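Protein chains in written order, with my numbering: chain A, 1 to 222; chain B, 1 to 110.
Just so it is clear, CB atoms sit at the ideal spot from N, CA and C, and this is done for glycine as well.
This one's a predicted model, so the numbers in the text were calculated from it and none came from an experiment.
Below you'll find the structure, written out as structure tokens, and then a few comments.
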């Protein structure tokens with residue numbers, strides 16, 4: 001692996017800065033957290049294949065509820081925000097603070113668009129009758145995507161703080177670049193989790209005429 | 001702590017990475033577009049699911065290797081993250097095995 005740009009090893013026993021090591025440990029643990037949430041959603045999706053029942057007792061199919069155009073748009077936005085974050089980290093390594101600010105502003109903007117799309121989606125689903133309480137699908141879907149959305153919101157807040165902190169003149173040199181890199185790692189992680197959610201939760205609903213969940217247990221009707 | 005100016009080698013490496021990032025961003029956009037097209041093609045669902053899974057895994061590892069610098073960083077970080085990832089996948093596999101439809105007592109639903 002090329003380490004030409006990593007001009008020097010950190011003065012630690014591992015040669016890795018402690019902040020970076022701790023962030024990677026956190027991300028590894030967060031992997032398990034999201035792994036459990038995604039598994040739970042998929043399992044219950046299989047057990048309850050026909051979707052949910054609204055307050056009036058009407059049966060709904062989730063395939064009719066999803067808006068693939070909106071979700072694809074927000075996925076694209078999050079991927080591009082990850083690209084801008086990589087540029088922001090690169091700019092900090094080169095000591096180009098203005099370039100860093102421009103790119104971070106772009107990441108914040110894209111992050112806010114993603115959150116806006118999610119709020120719109122949740123509102124739409126709620127008005128269509130899917131709530132966190134009325135079905136297992138609603139519970140697992142909102143908990144999974146809501147947890148991811150909370151991660152995005154925390155990331156946006158973190159980047160806003162970094163942006164304003166950069167005007168104090170204290171965000172410079174190796175330690176400043178490390179702070180930005182750690183924030184970048186978090187942001188990229190949020191992106192990779194969405195890559196999995198996009199496929200496992202959204203795209204699979206469109207496979208075949210009634211999705212791939214057609215052979216689950218029958219839904220109990222009162 | 002004294003801060004030395006970035007060396008020429010360091011800057012050259014950053015420029016090289018910059019081009020990698022642009023190439024990767026274009027690939028990620030293209031793969032995402034292909035995923036969306038794929039779900040509407042008249043192909044057996046399980047085949048599409050397999051391809052979608054491979055595409056997602058490709059995007060996932062591309063981001064962690066290049067955007068998250070794992071390909072440039074110490075290998076320890078890669079193994080550290082992979083451990084968490086494998087545990088997550090093992091949890092997924094265990095849940096599927098333990099709580100799959102075939103293992104549920106359907107009489108409970110009657």
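For the candidate residues the options, whose alpha-carbon lies nearest to that of residue i?
{"i": "residue 155 of chain A", "options": "A:181, A:43, A:170", "result": "A:181"}
{"i": "residue 60 of chain A", "options": "A:148, A:127, A:184", "result": "A:127"}
{"i": "residue 143 of chain A", "options": "A:28, A:42, A:11", "result": "A:42"}
{"i": "residue 185 of chain A", "options": "A:25, A:202, A:72, A:13", "result": "A:25"}
{"i": "residue 66 of chain A", "options": "A:110, A:183, A:118", "result": "A:118"}
{"i": "residue 199 of chain A", "options": "A:164, A:183, A:145, A:172", "result": "A:145"}
{"i": "residue 88 of chain A", "options": "A:73, A:107, A:77", "result": "A:107"}
{"i": "residue 125 of chain A", "options": "A:38, A:64, A:196", "result": "A:64"}
{"i": "residue 30 of chain A", "options": "B:96, B:85, B:79, B:65", "result": "B:85"}
{"i": "residue 83 of chain A", "options": "B:41, B:10, B:12, B:66", "result": "B:66"}
{"i": "residue 11 of chain B", "options": "A:75, A:36, A:96", "result": "A:96"}
{"i": "residue 91 of chain B", "options": "A:54, A:32, A:15", "result": "A:32"}
{"i": "residue 176 of chain A", "options": "A:74, A:148, A:101, A:147", "result": "A:101"}
{"i": "residue 36 of chain B", "options": "B:22, B:51, B:25", "result": "B:51"}
{"i": "residue 24 of chain B", "options": "B:42, B:48, B:49, B:68", "result": "B:68"}
Pull the bridge partners of residue i from the DSSP assignment, please.
{"i": "residue 59 of chain A", "result": "A:53"}
Buried or exposed: which applies to residue i, given that a residue is buried once 16 or more other Cβ atoms fall within 10 Å of its Cβ?
{"i": "residue 194 of chain A", "result": "buried"}
{"i": "residue 44 of chain B", "result": "exposed"}
{"i": "residue 69 of chain A", "result": "exposed"}
{"i": "residue 133 of chain A", "result": "exposed"}
{"i": "residue 8 of chain B", "result": "exposed"}
{"i": "residue 187 of chain A", "result": "buried"}
{"i": "residue 54 of chain B", "result": "exposed"}
{"i": "residue 34 of chain B", "result": "exposed"}
{"i": "residue 190 of chain A", "result": "buried"}
{"i": "residue 220 of chain A", "result": "Note on residue 220 of chain A: pLDDT 40, under 50, position unreliable in the model; no value is reported."}
{"i": "residue 19 of chain B", "result": "exposed"}
{"i": "residue 46 of chain B", "result": "exposed"}
{"i": "residue 204 of chain A", "result": "buried"}
{"i": "residue 168 of chain A", "result": "exposed"}
{"i": "residue 22 of chain A", "result": "exposed"}
{"i": "residue 81 of chain A", "result": "buried"}
{"i": "residue 62 of chain A", "result": "buried"}
{"i": "residue 13 of chain A", "result": "exposed"}
{"i": "residue 57 of chain A", "result": "exposed"}
{"i": "residue 34 of chain A", "result": "buried"}
{"i": "residue 150 of chain A", "result": "exposed"}
{"i": "residue 85 of chain A", "result": "buried"}
{"i": "residue 75 of chain A", "result": "buried"}
{"i": "residue 120 of chain A", "result": "exposed"}
{"i": "residue 49 of chain B", "result": "buried"}
Would the C-beta of residue i count as close to the ligand PLP, meaning under 7 Å from any of its heavy atoms?
{"i": "residue 104 of chain A", "result": "Here there are no bound small molecules, and the ligand PLP is not part of this structure."}
Given a cut-off of 8 Å on the beta-carbon distance, is the pair residue i and residue j in contact?
{"i": "residue 99 of chain A", "j": "residue 17 of chain B", "result": "no"}
{"i": "residue 27 of chain B", "j": "residue 57 of chain B", "result": "no"}
{"i": "residue 152 of chain A", "j": "residue 115 of chain A", "result": "yes"}
{"i": "residue 28 of chain A", "j": "residue 17 of chain A", "result": "no"}
{"i": "residue 174 of chain A", "j": "residue 14 of chain B", "result": "no"}
{"i": "residue 207 of chain A", "j": "residue 39 of chain B", "result": "yes"}
{"i": "residue 162 of chain A", "j": "residue 183 of chain A", "result": "yes"}
{"i": "residue 136 of chain A", "j": "residue 48 of chain A", "result": "yes"}
{"i": "residue 171 of chain A", "j": "residue 20 of chain A", "result": "no"}
{"i": "residue 79 of chain A", "j": "residue 29 of chain B", "result": "yes"}
{"i": "residue 202 of chain A", "j": "residue 71 of chain A", "result": "yes"}
{"i": "residue 77 of chain A", "j": "residue 110 of chain A", "result": "yes"}
{"i": "residue 112 of chain A", "j": "residue 52 of chain A", "result": "no"}
{"i": "residue 38 of chain A", "j": "residue 197 of chain A", "result": "yes"}
{"i": "residue 140 of chain A", "j": "residue 40 of chain A", "result": "yes"}
{"i": "residue 70 of chain B", "j": "residue 76 of chain B", "result": "no"}
{"i": "residue 89 of chain B", "j": "residue 64 of chain B", "result": "no"}
{"i": "residue 15 of chain A", "j": "residue 74 of chain B", "result": "yes"}
Practice task
Identify each residue in the segment 15-32 of chain B for which the Cβ-Cβ distance to at least one residue of chain D is less than 7 Å, and report them in chain order.
Solution key: This model lacks chain D altogether; the protein chains it does include are A and B.
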